[in-house]
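**Q** Those protein sequences? They're chains A and B, same order as listed.
Numbered per the numbering used here, the first sequence spans residues -9 to 226.
Numbered per the numbering used here, the second sequence spans residues -9 to 226.
No residue lacks a Cβ here, since even glycine has one placed at the ideal position from N, Cα and C.
Note that the structure is a prediction, hence the values are computed from the model and not measured.
Number of protein chains: 2
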Amino acid sequence: MDIDAAVFDVFGTMTDWRSSVASALADSGGQAGLHADWPAVTDTWRRRYRPALIKVVSGELPWMPLDDLHRLTLDEALAAHGLEAFGEADRDALVGAWHRLHAWPDAAAGLERLHGSHVITATLSNGGVGLLTRLTKRAGLRFDCILSAELVASYKPDPRVYRSAAELLGVEPRRLLMVACHPDDLEAAAGAGLRTAYIPRPLEWGPEADPVPAPADVDLTATDVIDLARILTGTD
Amino acid sequence: MDIDAAVFDVFGTMTDWRSSVASALADSGGQAGLHADWPAVTDTWRRRYRPALIKVVSGELPWMPLDDLHRLTLDEALAAHGLEAFGEADRDALVGAWHRLHAWPDAAAGLERLHGSHVITATLSNGGVGLLTRLTKRAGLRFDCILSAELVASYKPDPRVYRSAAELLGVEPRRLLMVACHPDDLEAAAGAGLRTAYIPRPLEWGPEADPVPAPADVDLTATDVIDLARILTGTD
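(1) Using a beta-carbon distance cut-off of less than 9 angstroms, what residues from the segment 116 to 130 of chain A approach chain B?
(2) Compare the C-beta of A/I136 with all C-beta atoms of chain B and state if any pair is closer than 8 angstroms.
(3) For B/G224, does the count of other Cβ atoms within 10 angstroms reach 16, so buried, or fall short, so exposed?
(4) Threshold first: 3 residues or longer. Then list the beta strand (DSSP E) segments lying entirely within the segment 50 to 96 of chain B, N to C.
(5) Is there at least one Cβ from chain A nearer than 8 angstroms to B/G228's Cβ?
(6) Under 7 angstroms between beta-carbons, which chain B residues line up against A/L141? List them in chain order, please.
(7) With A/G2 and A/L56 assumed to form a contact (beta carbons below 8 angstroms), what rounded beta-carbon distance in angstroms separates them?
(8) I'd like to know if the segment 117 to 135 of chain A and the segment 129 to 142 of chain B are in contact, where contact means that at least 3 CB-CB pairs between them fall below 8 angstroms.
(9) Taking Cβ positions only, does A/I110 come closer than 8 angstroms to chain B?
(10) Grouping DSSP H, G and I as helix and E and B as strand, with all else coil, what is A/A112?
(11) Output needed for A/S45: all residues of its chain with C-beta closer than 7 angstroms, excluding positions within five of it in sequence on either side, in chain order.
(12) Is the beta carbon of A/L166 less than 8 angstroms from the beta carbon of A/V(-3)?
(13) Any contact between the segment 177 to 186 of chain B and the segment 138 to 151 of chain A? By contact I mean 3 or more CB pairs, one from each, below 8 angstroms.
(14) I'd like the list of long-range same chain contacts for A/L15, defined as Cβ closer than 7 angstroms, with 5 residues on each side in sequence excluded.
(15) Output needed for B/H172: all residues of its chain with C-beta closer than 7 angstroms, excluding positions within five of it in sequence on either side, in chain order.
(16) Does the distance from the C-beta atom of B/V215 to that of B/G100 stay below 8 angstroms?
(17) My output table needs one value for A/S138: the three-state DSSP class, helix, strand or coil.
(18) Over the uninterrupted alpha helix (DSSP H) stretch that includes B/A170, give me the two end residues.
(19) B/A180 to B/M168, Cα distance in whole Å?
(20) In this structure, how does DSSP classify A/R132 when only helix, strand and coil are distinguished?
(21) Could you check the C-alpha separation between B/D(-8) and B/A42 for me, to the nearest Å?
(22) When the distance is taken between beta carbons, is A/L64 closer than 8 angstroms to A/L35?
(23) Since A/L131 contacts A/A178 with CB under 8 angstroms, what's their CB separation in whole angstroms?
(24) Could you tell me which of A/W195, A/E78 and A/G86 sits nearest to A/H60, measuring between CA atoms?
(25) Let me make sure I understand the geometry here. Which of A/L193, A/A204, A/V161 and A/S154 has the alpha-carbon closest to that of A/R8?
(26) Using alpha carbons as the reference points, say which of A/M4, A/Y39 and A/L73 lies closest to A/G19.
(27) How big is the Cα-Cα spacing for B/L222 and B/T213?
(28) Assign B/P205 to buried or exposed, taking buried as 16 or more other Cβ atoms, counted over all protein chains shown, within 10 Å of its Cβ.
(29) In the DSSP assignment, what are the bridge partners of B/V(-3)?
(30) How is B/D6 classed by DSSP in three states: helix, strand or coil?
(31) Expressed to the nearest angstrom, what Euclidean distance is found between the alpha-carbon atoms of B/V23 and B/A93?
(32) Do the CB positions of A/L278 and B/L141 come within less than 8 angstroms of each other?
(33) How about B/K127 and A/I110: are their beta carbons less than 8 angstroms apart?
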């Protein structure tokens, strides 16, 4: 595939948000003497994410940094699980859990391979520039550039986000590959003229979650980031 | 010094633009059968740079990508040296020389040290995001983030550029260090509330250039990027 650059979704595609955030919730809740099914609270928090983004993209909510959106949706998730006892300072701190996500085991090695190739890599996430910089530094994910929906004050799946990546990197959209585990992200990228690569992450919602159907129409599918690097660089 | 992040000037501070660009001019001119003092042509090209930026910051010229500004000032520099014979395609290609600058010998090692520390590093250059991404990937300069004046459609020394770095990285300006070899860059950064580190680059304008006076008032001076990393991380 003739591409100049690949941009990557981060929450889910490169990182295991579920176990990272559940562990932060369990720590914080434990210190406050609270008990709950923390992975279930995490899932509720994450499920409030997409509707909140859609409200921003549609104009129903003003644009705000992802940390602020995470704070709003955390309040909803805690209320849904009867965890109103969480203090304000603890809630503020929990938003930072999304800055410290653990990478999937293949992600760092796959990125290193791509770093050594002609293919430019960048994040393309709804996380802010500061969040993504901290997360990737801490997790050892070597991207050549950090790009975020924040740079156009919107969120994926707004087509402006995908087009901004092509413009900022100085590549044609058809020579830019969007890499994600979420079919709707890939569909929106294709709608903006980008090429698409699907990496399934069957454990994104935990080992007992129902399997996510693969997207119908992508340019390539890779088993993980190392496999993607192999395909894009034509090497073993 | 208590800082969370350091942002770096690139042309001059981290890279030797003069020998890199002079070599590209010599190659291109040689192929066209032209003869000139290529380092002198390079110096003329570079001297047209700051006045062009100031025209953009003051509103006299509309904002345009740095590649376009470099193309305008290249035409002026070639005319000043009687090199009108350079073809259009060669001129377009020469603008790309600024995407392929060589790093100073200490730059990569100093950045690697900082990468392993708590200090976040980013570019803060008038080069565009695409230019900086290509340049740093090729030169082996590991920054945690790529920031550019392009993100606020302006150029240094516009204070908005320095403030945007603090905002995007999510750090207070007084905990953000601007690193540069140019006193005016540091002065503008200080005016925007940032801390400042000076790294002299006596070879920036070649071995025979007059010495550049050190800035009067900076927070720290380091001999090179390795020395800066040593100071910031408190280690040998």
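**A** In terms of the structure at hand:
(1) G118, V119, G120, L121, L122, T123, R124, T126 and K127
(2) yes
(3) exposed
(4) none
(5) Coverage of chain B is limited to positions -9 through 226, which leaves residue 228 of chain B absent and any answer about it impossible.
(6) L141
(7) So it is not a contact: roughly 14 angstroms between Cβ atoms.
(8) yes
(9) yes
(10) If DSSP states are grouped into helix, strand and coil, A/A112 belongs with the strands.
(11) Note that residue 45 of chain A corresponds to Lys in the displayed sequence, not to Ser. Excluding positions up to five away in sequence, the list reads L51.
(12) yes
(13) no
(14) W28, V31, T32 and L84
(15) D(-1) and G2
(16) Yes, the pair counts as a contact, with Cβ atoms nearer than the cut-off.
(17) The answer is strand: DSSP assigns A/S138 an E or B state.
(18) No alpha helix (DSSP H) contains B/A170, which is instead part of the beta strand (DSSP E) from L166 to A170.
(19) Approximately 8 angstroms between the Cα atoms of the pair.
(20) coil
(21) 36 angstroms
(22) Note that residue 35 of chain A is Trp in the sequence shown here, rather than Leu. Yes, they are a contact pair.
(23) Not really, about 23 angstroms apart at Cβ, beyond 8 angstroms.
(24) A/G86
(25) Nearest in C-alpha terms to A/R8, of all of A/L193, A/A204, A/V161 and A/S154, is A/L193.
(26) A/L73
(27) 13 angstroms
(28) By the neighbour-count rule (16 or more Cβ atoms within 10 Å), B/P205 is buried.
(29) B/A112 and B/M168
(30) Of the three classes helix, strand and coil, the one that applies to B/D6 here is strand, per DSSP.
(31) According to the sequence shown, residue 23 of chain B is Gly rather than Val. Rounded to whole angstroms, B/G23 to B/A93 spans 29 angstroms at the Cα level.
(32) Summary: the structure shown does not reach residue 278 of chain A, with chain A confined to residues -9 through 226, and so no result is reported for it.
(33) yes
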